[in-house]
Ligand SMILES: [Fe+2]
Ligand SMILES: [Fe+2]
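Numbering (the UniProt record's numbering), first residue to last: 1 to 206.
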């Protein structure tokens, strides 16, 4: 099911971009949108492996970290602390840093917002379980797709270092999706090829 057309997503991104510019000059959401669009691009590329449409995979990729956006906008000082904890001497994962500072993690906050927006169950699941697909019941494979696309976005985009715990997670995701390392490499190459397109899309919202 398509809830939001591509134009609407663009509209949503534009309005958040404008809001951000209005609200603060310190908060830079460029990396956030680059990551979201790269995840969406990877999810669409891998979608033939799963029972879902390419559009559905793309949309779930755009939305998967929406909880981070809520933190960034609603709790900006705390969000900066999350970024600092992730870069600190003993780096924490996003989830650990969020749990420490906010008590909630971005999948938990994202799930609440997605439910309030009445998004279809599949998108709610992808937002809530892209870091733990095994907990997603019937949507386990779809959530694994978004989880793997998330990792591909980190791995393929320079300047976005994949967290160390990703290696073991990636192996499990590839197994869930019955994907080979060759297909993983093809996905990374696809993202590198799409880099200019992703950059110009994000550039348009700044
Ligand atoms: Fe996430
Ligand atoms: Fe992500």
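Where is the CB? At the ideal position from N, CA and C, for every residue including glycine. None of these values were measured; they are calculated from a predicted model.
Residue i beta carbon near ligand 2 (any heavy atom closer than 7 Å)
i           : result
residue 236 : This structure does not reach residue 236, given that the chain is present from 1 up to 206, and the question cannot be answered.
residue 129 : no
residue 65  : yes
residue 207 : Residue 207 lies beyond the stretch modelled for the chain, which goes from 1 to 206, so this question has no answer here.
Closest Cα partner of residue i within the set the options
i           : options            : result
residue 139 : 110, 176, 155, 103 : 176
residue 54  : 146, 115, 30       : 146
residue 82  : 102, 89, 64, 65    : 102
residue 189 : 152, 85, 72, 99    : 152
residue 108 : 38, 71, 148, 168   : 71
residue 121 : 137, 131, 196, 132 : 137
residue 63  : 166, 123, 93, 148  : 123
residue 186 : 156, 166, 197, 202 : 156
residue 144 : 202, 46, 38, 196   : 46
residue 57  : 195, 69, 95, 36    : 36
residue 60  : 201, 111, 194      : 111
Buried or exposed (CB count within 10 angstroms, at least 16 for buried), residue i
i           : result
residue 74  : exposed
residue 25  : Note that residue 25 scores 47 on pLDDT, short of 50, meaning its location in the model is unreliable; the coordinates nonetheless yield the value given after this. Counting Cβ neighbours within 10 Å, residue 25 comes out exposed, since fewer than 16 surround it.
residue 184 : buried
residue 67  : buried
residue 225 : Since the displayed the chain opens at 1 and closes at 206, residue 225 lies outside it and no answer follows.
residue 42  : buried
residue 178 : exposed
residue 181 : exposed
residue 88  : exposed
residue 21  : Caution is warranted here: a pLDDT of 45 is assigned to residue 21, below 50, making its placement in the model unreliable, and the coordinate value is therefore given only provisionally. Per the 10 Å Cβ criterion, exposed.
residue 129 : buried
residue 170 : buried
residue 33  : buried
residue 105 : buried
Any non-hydrogen atom of ligand 1 within 7 Å of residue i CB
i           : result
residue 132 : no
residue 150 : yes
residue 106 : yes
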